[in-house]
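Take a look at the structure set out below.
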Amino acid sequence: NGKTEIVKFYEIKCGDIIYLYPQNNIEGCVTINFKVLKSYFHLTEVKEISIGDVYPGCSINFVMSYQEVSPIKAKIRVNSEVPFYYINGTKYYTNETYQVCVPAIICIPNNLTVDLTRYLLKCVKICNLTLPDKLILGCGCYNITASYNIQYYLSVPFNLTGYVNGEKTIISSGWYNAGEVIQIENTTYYPCEYERYIITSIKPSSTFVINSPINVSVSFIVQFYICVKTNITLHALINGTNNTLTSGWYNAGDVIHVENITYYSCPFTRFILISVNPATSFTLDSHMAITANWLEQFYVSVNCETIAIINCRNSTFKSGYYNDGTTIKINQYQYINSTERLLILMVSPKNYCIVVNSPINVTLSKILQYYVCIVLPNGTIKGWFNVNSTITLPQKIEVNGVTYVLKGSNQIIISHSGVFKPCYLVQQCTSTTTRTSTTSTTSTESTTSTSTTSSSTIPSTTTQSTPSQITHVSTSVYLPIVISVMIAIVIGAAILIKRK
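Counting in the UniProt record's numbering, the sequence shown tops out at residue 500, every number present.
Written as structure tokens, this is what we have:
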């Protein structure tokens with residue numbers, strides 16, 4: 001009665017009693033058409049129908065009589081870029097005409113992807129009438145047009161900046177409509193803060209129209225940022241070429257070798273490269289921070305070498321470069337042996353302790369000194385005396401009322417170390433005859449002298465001479481003194497024998 005109901009018959013023969021259980025109320029006559037075994041049958045007579053209205057859950061008991069009728073067909077043509085569609089679940093090809101039985105259920109693909117090409121259904125039309133992608137057709141001739149939006153897949157190695165149909169955007173791998181104009185900008189791309197890609201070429205072109213799947217090939221140079229921390233210019237061999245290594249971008253794979261070059265900021269100041277972290281040689285494969293450590297040195301000019309304590313170590317102090325902050329303590333005395341030494345006098349600077357913090361010109365004065373012992377009637381004087389210095393002896397020395405008179409020169413020139421015994425004779429008050437005395441009553445040790453005078457005088461009083469009074473004496477020969485003393489003793493003894 002104008003409502004579609006699904007009725008399943010498994011085996012039907014003329015005269016069979018059929019029971020129908022409708023879901024809705026049925027009033028009046030019942031007309032049934034059904035399809036079975038690919039043939040159409042028309043119900044011609046229903047017998048023994050129960051009287052009255054039929055309600056859901058109740059049954060209609062009738063005898064069905066039917067006859068076979070000729071199938072009704074339709075001509076269908078689907079025009080589309082997609083190569084196929086479906087009629088009643090069967091696959092048909094587009095752009096061809098088919099004659100099919102009705103009712104014909106047409107199903108047109110909503111989207112399709114084939115070989116990096118994608119079809120997206122826009123609309124289905126029959127005689128400019130827009131229809132859904134699934135429709136049921138009766139008998140007749142139908143020229144159906146299915147319109148699709150065609151897209152092609154664009155592949156790029158990484159996100160690029162460019163224009164799509166004149167609008168600036170990020171171009172990434174994906175689907176693009178056919179006919180779109182793509183323009184890729186040749187810009188530098190930064191995937192992170194310390195890495196970048198510099199484009200060298202774009203293939204097939206930097207500007208193209210999407211009319212097929214396209215694989216964009218971008219040739220680029222990968223660069224990494226090197227942060228150089230140094231207060232002195234750093235030189236390096238980059239791929240074998242000498243360059244100045246500064247903070248900046250360098251190509252991945254660059255072979256860098258930092259050169260150990262001494263930098264002279266001025267003629268007497270230099271910087272020594274002592275370490276480079278993390279390494280002096282490396283192949284660049286990532287961002288790096290290079291730290292160069294330098295040692296500042298100053299030139300110290302010394303007019304003559306000497307012994308000094310340099311940074312708490314006994315060393316030879318000579319002209320050369322010394323580290324900033326080096327402490328140099330110059331020894332005032334440099335001993336050659338137990339009886340010879342050098343007296344170091346600071347001319348410039350005056351201080352014996354020097355801290356190197358700038359170029360310095362050191363001027364030293366060396367004086368050779370000998371250890372000398374001088375034996376006098378009133379005592380012995382021992383000490384260090386400058387070479388070639390002159391010691392003036394007293395002509396007379398009184399000891400306990402006895403007067404000693406110097407025989408010979410009263411000057412001693414120091415030329416070597418040793419014992420000096422000047423010849424003193426005893427002066428007799430009651431006789432004109434004198435005798436020699438070699439007796440020494442005291443012994444005095446002299447202290448070290450730093451004076452640069454060339455002569456000294458020994459006092460003639462009975463008071464013993466102090467070492468500071470005789471600081472620069474030159475040596476006399478010990479043997480002549482001994483001989484003179486012995487001759488004096490012999491002469492004195494001969495005079496006494498003669499008197500007797």
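Where is the CB? At the ideal position from N, CA and C, for every residue including glycine.
Could you tell me the distance, in whole angstroms, from the CA atom of residue i to the CA atom of residue j?
i, j, result
"I126", "I108", "13 Å"
"P349", "N277", "40 Å"
"S451", "S389", "The predicted model places S451 with a pLDDT of 47, which falls under 50 and marks its position as unreliable, so this point remains unresolved."
"G179", "Y152", "10 Å"
"F84", "R196", "48 Å"
"V347", "V362", "8 Å"
"Q223", "N211", "34 Å"
"Y478", "L406", "For Y478, the pLDDT reaches just 36, beneath the cut-off of 50, and the residue's location in the model is therefore unreliable, although a value from the coordinates is still provided. Near 16 Å, if we compare the C-alpha coordinates of L406 and Y478."
"D254", "N242", "13 Å"
"L160", "Y189", "8 Å"
"S465", "P394", "Caution applies to S465, whose pLDDT of 38 falls short of 50 and renders its modelled position unreliable; the value that the coordinates give is listed next. Those two C-alpha atoms are separated by around 11 Å."
"S281", "S315", "36 Å"
"C123", "A252", "53 Å"
"T291", "R313", "31 Å"
"N95", "N79", "5 Å"
"Q427", "C373", "25 Å"
"Y194", "A289", "11 Å"
"R341", "N331", "12 Å"
"W175", "N215", "12 Å"
"A308", "G240", "45 Å"
"I232", "Y250", "20 Å"
"S415", "S338", "16 Å"
"G162", "S147", "30 Å"
"A279", "I256", "10 Å"
"K421", "Q334", "28 Å"
"residue 508", "G89", "Within the shown structure, residues of the chain are numbered from 1 to 500, placing residue 508 beyond reach of any answer."
"F271", "T262", "6 Å"
"T112", "I136", "The sequence as given places Leu at residue 112; Thr does not occur at that position. When rounded, the distance between both Cα atoms is 22 Å."
"S172", "V228", "35 Å"
"I470", "S409", "No answer about I470 holds up, because its pLDDT of 38 lies below 50 and its placement is not dependable."
"N311", "I381", "39 Å"
"N177", "K91", "27 Å"
"V164", "V156", "14 Å"
"Y98", "V181", "39 Å"
"L234", "S358", "23 Å"
"I336", "K329", "19 Å"
CB residue i to CB residue j, shorter than 9 Å?
i, j, result
"Y264", "V300", "no"
"T117", "I150", "yes"
"I344", "T327", "no"
"I76", "I105", "no"
"L376", "I360", "no"
"T207", "I199", "no"
"F298", "F317", "no"
"Y119", "E167", "no"
"V399", "N378", "yes"
"V102", "C141", "no"
"L364", "T306", "yes"
"L121", "N110", "yes"
"L284", "P213", "no"
"G325", "V356", "yes"
"P191", "F220", "no"
"Y370", "G320", "no"
Would you grab the beta carbon distance between residue i and residue j for me? Rounded to a whole angstrom, and I think it's under 8 Å.
i, j, result
"N303", "I274", "N303 to I274, Cβ: 30 Å. No contact."
"Y352", "H287", "In fact, because the Cβ distance is near 53 Å, the residues do not count as touching under 8 Å."
"I391", "I412", "4 Å"
"V100", "K134", "Contact doesn't hold; Cβ gap of about 15 Å is too wide."
"A236", "V209", "Not confirmed; about 48 Å, so no contact."
"I202", "I184", "6 Å"
Per DSSP, residue i forms a beta bridge with which residues?
i, result
"I238", "T241 and I256"
"I261", "DSSP, once it has assigned bridges, lists no residue as partnering I261."
"V355", "T327"
"L120", "N111 and N149"
"I105", "I136"
"L393", "Note: L393 sits in no beta bridge, so no partner."
"C141", "K75"
"K125", "T130 and T145"
"N361", "S301"
Please confirm if residue i has its CB atom under 9 Å from at least one CB of chain B.
i, result
"T200", "Included in the structure is just one protein chain, with no chain B present."
3-residue-minimum beta strand (DSSP E) runs that sit fully inside the region 75–99, ordered along the chain: 84–87 and 90–93
Restricting to runs no shorter than 3 residues, where is the beta strand (DSSP E) found entirely within the region 254–337? 255–258, 263–266, 269–277, 281–283, 288–302, 306–310, 313–317, 320–323, 327–330 and 333–335
Please specify which runs of the beta strand (DSSP E), each continuous and at least 3 residues long, are wholly inside the region 165–246, giving them in chain order. 167–171, 174–177, 181–184, 189–192, 195–203, 207–209, 217–229, 234–238 and 241–245
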